[in-house]
Amino acid sequence: MWQVYDELYERGTRFPLKDHLWNLYLMEKGLFKPEPTNGIIVGGCGMAVSHLTVLADGRVYACRRFTSPIGKVPEQQFDELFMSDSLNEYRIRENFEKCNECELFTYCRGCPAVSHCATGSWKSADPQCWK
Numbered sequence: 000m001w002q003v004y005d006e007l008y009e010r011g012t013r014f015p016l017k018d019h020l021w022n023l024y025l026m027e028k029g030l031f032k033p034e035p036t037n038g039i040i041v042g043g044c045g046m047a048v049s050h051l052t053v054l055a056d057g058r059v060y061a062c063r064r065f066t067s068p069i070g071k072v073p074e075q076q077f078d079e080l081f082m083s084d085s086l087n088e089y090r091i092r093e094n095f096e097k098c099n100e101c102e103l104f105t106y107c108r109g110c111p112a113v114s115h116c117a118t119g120s121w122k123s124a125d126p127q128c129w130k
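Just so you know, we're using numbering that gives the first Met the number 0 here: the sequence shown kicks off at 0 and counts up by one.
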């Protein structure tokens, strides 16, 4: 299976694997080669980068796994919420205490929700990561 993956990867095929830890596993197996992204988030957790959660009652969350809403629509404009100080905190690389030093940061960012559940802080290291 990995031989096929590697052959396809060498031909330019990129696989959008949902779990952020696949990149670390595949890198360790020599099947994923991180490319420079100039700091642009290209994979992993998309919180505050490519998605928000909006519930039927209009409450908006940074992540569906978080319990604290960041606002509510239509009372607040969507773009106002997306560019809010609350979400900007999740966009600052240095806020990710351990992950910010990892070469896979722009491909992963860990899972802030799991970190928060395990430690009380979304900024702490993702306890699922073995690196």
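C-beta atoms are modelled at their ideal positions from N, C-alpha and C, and glycine is treated no differently.
Of the candidates C128, N37, G43, E88, C128 places its Cα closest to the Cα of K97.
Between the alpha carbons of G43 and S123 lies a gap of roughly 16 Å. In this structure H19 is buried. Its beta-carbon is surrounded by 16 or more other beta-carbon atoms within 10 angstroms. If you compare the alpha carbons of Y89, Q75, F65 with that of C116, the shortest gap goes to F65. Straight-line measurement puts the Cα of P15 at about 12 Å from the Cα of Y8.
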